[in-house]
Every structure is written in structure tokens, then in C-alpha cells.
Amino acid sequence: VLLASEDDLLFELKELRDYISFSLIFVERVQARERILLTVEDILPSRLRRLFEVKTDLEKRAHDLGCLRSEWEFTLPRHLWPLCEVDRGGDKTELRRPDFLAILDHLFRGVPLEASYLAEVFVSPLRTRFVAWRAERSDDQENQRRFQDAARAAWLTWDFLDRLEIIHHTGGLDDMDVTSVDRLRPSGPYFAWLEDFFDHSPRMFQHDAAKVAFLLGSLSDSVREVQLQNLQSAPFTKYLKSLRMEQRDLLELLPRITQKLTEYDAYKGRYRQMLEATSYYLARAGINPWPLTAAEINLLFSMGMNLGFLIRRGPEKPNDSKATNGGDEPRDDH
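Note that the sequence shown covers residues 6 to 339 in the working numbering.
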């Protein structure tokens, strides 16, 4: 679904005018019989055009950031499917069909879903894969890849749905007086790049708290990389609580991250810039209850972990020698 190819029927139907509408029928084939799972009626060609426009913008953004291969293409259900799976032990997984169908239904009809609900759906397989991935070690690359695949799919799919305004975020924009913390605002090309990165996903990062959760994920991944280089293990990951953290847990992470980077003589360069930016956004977000559920916090944190290489690299081009302190490239491009 949503392949930018003449072989994809939806790609062709989007070029028609709105004097006709379509119905999508999702069926399950069981032996010789077919059972209807979902019917979405009255889909206009203009709705399909909008889906493909957002898909194209999302792909261009991912390619411009240099974090995905040029031939990569965002498709459904390729990226949505693993986010609606539940592990049944070993290599067995099972699709949470009601969630999968509900998201497809709302997507094609253009009806919003609550951010809290979607975050619970998306973060569930991330937690399972994170626990399976022994992140404190460097030799569990298969489970690391599985976690990274799911986290990247979550980032892309969430951004796709958010750009289509399918996600309804509770609470308004941050309304606290931030004048007193403006003096903490970092300067320089890296912070300007970071602001631009967040501005490209304005709904996802409309709250400063979302930026804090995301950046703490990137910083935690950075500490893990530093510890692996120095200790061949990463005991810091025990503080991530299997991605079941609350706001107070994230608030405790920042001083721990600062302490660990200082301990390994890494509190400098890009890592220092990341910490300064996180401290600034945290000062803006405040310590009162954030307008984010625990699931949303851990989902944003996971996205930040997965894109840690990108946040460390910043405005420098891939493989640029100036991308200091952990400018590693993505280990997986799915």
C-alpha cells in the first residue's frame, strides 16, 4: 500500500478527480474462503493524493538527513505492521489486528486517533525488543537490529500520521513564561540545526518536554557508545528501566548522563552541545507534570536512541571528519 509505482492501484487512482469515490476492502483468506476484516468507504482521489504528497515529503526529509538509503521508500503496511505485533516467544509474533485495522481505517478516513492510544500501541513492541536486546553488550547485533528497525518504523510512521493530522495531541502549546530561561538558549550552527530538525515535525515536538525526552534518548545512546568503547559493556542501560520510565525517571537521567560523560572525559564537543540543548529545553518544559503520557515519553525516548547517530552528527554531512564524538552512521536502513 502506498507504493509510488505504476503497479500500485492507489498510485493511479489518486490522479482522478473527486467526482468519484472508492471503497477499500481488507480481507483475510482462510483456505478457500475470504473473510472481510475492514471496509473503508467514500475515499476521494484527493485524499489519496494527500497521502502520497506527505509520503513523498517524508521520504525526501529522511534522505536529506542522510539517515536512510536513497532507494528506501516508506510503505504501508511495511512500517506499520511491526508496530502492531506482539511477540509469542522465540521467533513467533502475532499481529494485533484490531489496532492495525483501526489505524488504517482512521488513516484513509482522515479521522484523528488519540496520541496516548497510538503511543501505547507503538511502544509495546519496542519494549519487548529492547528487553530482548541486551543493550549492555556489544555482541547482540541481531536483537539490536530488531529494536532499531522497530524504533525507526515508529519514528517514520508517527511522523507520517502526524503530518496528516491523524494524531490528536492532548493539551495545548507550552504556556509557561519562558522569558527567564531565554538566557540559557544555546547559539551556534549546531543548535540552529537542531531547532530546524524539530521544526520539520512541529506537531510531534510541539511541547518542549517532547524534545527533552527525544534528546535524552540520543544522549543515553551516546553514553552507551562511550561505555562500550571504554568498558566493552554498557551498565548505564539499567537506568532505562526496560523503557517503562516516568517523567521523574527522565529528570534523573540528565545528571547521570553528565556524570558519566565527565567520568569518561567525553563532556566536550558534540556531547556538550547536546547536553546544553537538553538543559535549555528542560528549563522551558519545567518540572511540573508534562502533557505527555508515560507511553509517549518512552516512545520519543526510543526514537531519540535510534537516531542518536544523527543527533550526534548534526549539520555535518555523513562521514564528515568534523562530526566528532560519536558521528557513527546508521547500522540499519530499514
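Idealized CB from N, CA, C, for every residue including glycine.
Predicted model, so just to flag it, every value in this text is computed and none were measured.
**Report entry** Start-to-end residues for the beta strand (DSSP E) that takes in S206
**Finding:** It is not in any beta strand (DSSP E) - S206 carries neither H nor E in the DSSP assignment.
Requested in this report: Specify, as a first and last residue, the run of the alpha helix (DSSP H) that T98 falls within.
Outcome: Looking at the DSSP string, T98 is not in any alpha helix (DSSP H); the run it does join, the beta strand (DSSP E), is T98 to L100.
Query - Endpoints, the beta strand (DSSP E) within which S28 is located - result: F27 to V35
Report task. Name the residue from F306, P296, R168 and R318 whose alpha carbon lies nearest to the alpha carbon of T242. Result -> F306
Query raised in the report: Terminal residues of the continuous beta strand (DSSP E) containing L42?
Result: R38 to I48
Query raised in the report: Looking at A300 and S121, is the spacing between their C-beta atoms short of 8 Å?
Result: For S121 and A300, yes; Cβs fall inside 8 Å.
Query raised in the report: Taking L18 as the reference, which of L70, A37 and R52 has the closest Cα?
Result: R52
**Report entry** Cβ neighbour criterion (16 or more within 10 Å) applied to V126
**Finding:** buried
Report task. In the DSSP assignment, find the beta strand (DSSP E) that holds V217 and state where it starts and stops. Result -> No beta strand (DSSP E) contains V217, which is instead part of the alpha helix (DSSP H) from D213 to L236.
Requested in this report: Kindly provide the ranges of any alpha helix (DSSP H) runs that are 4 or more residues long and lie completely inside the segment 100-135, ordered along the chain.
Outcome: For the segment 100-135, whole alpha helix (DSSP H) runs of length 4 or above, ordered along the chain, are 102-114.
Query raised in the report: Roughly how far, in whole angstroms, is the beta-carbon of L224 from the beta-carbon of T283, given that I think they are within contact range, below 8 Å?
Result: 7 Å
Requested in this report: Assign D201 to one of two classes, buried (16 or more other C-beta atoms within 10 Å of its C-beta) or exposed (fewer than that).
Outcome: Exposed.
Report task. Give the C-beta separation of L49 and F31 to the nearest angstrom, bearing in mind that I take them to be a contact with Cβ-Cβ under 8 Å. Result -> 19 Å between Cβ atoms; not a contact.
Query - Beta-carbon separation (whole angstroms), L362 vs L259, contact threshold 8 Å - result: No answer is possible for residue 362: the residues shown for the chain start at 6 and end at 339.
Requested in this report: Figure out for me which residue from E58, E46 and E33 has the closest Cα to the Cα of F16.
Outcome: A check of alpha carbon separations from F16 across E58, E46 and E33 identifies E58 as the nearest.
Report task. Give me the Cα-Cα distance between D270 and Q232, rounded to the nearest whole angstrom. Result -> 11 Å
Query raised in the report: Quick one: what's got a C-beta closer than 6 Å to S206's C-beta in the same chain, skipping five residues either side?
Result: D164
Report task. Find the nearest neighbour of V116 within the set P240, E170 and F314, judged by alpha-carbon distance. Result -> E170
**Report entry** Buried or exposed by the 16-neighbour rule on C-beta atoms within 10 Å, applied to Y195
**Finding:** buried
Query raised in the report: Which value, in whole angstroms, describes the spacing of the CA atoms of E90 and K273?
Result: Using only the alpha carbons, I get a separation of about 40 Å.
Query raised in the report: Tell me which same chain residues have a C-beta within less than 8 Å of the C-beta of M310, skipping the five on either side of it?
Result: A156, G222, S223, S225 and D226
Query raised in the report: What separation, rounded to the nearest whole angstrom, lies between the Cα atoms of E141 and S247?
Result: 12 Å
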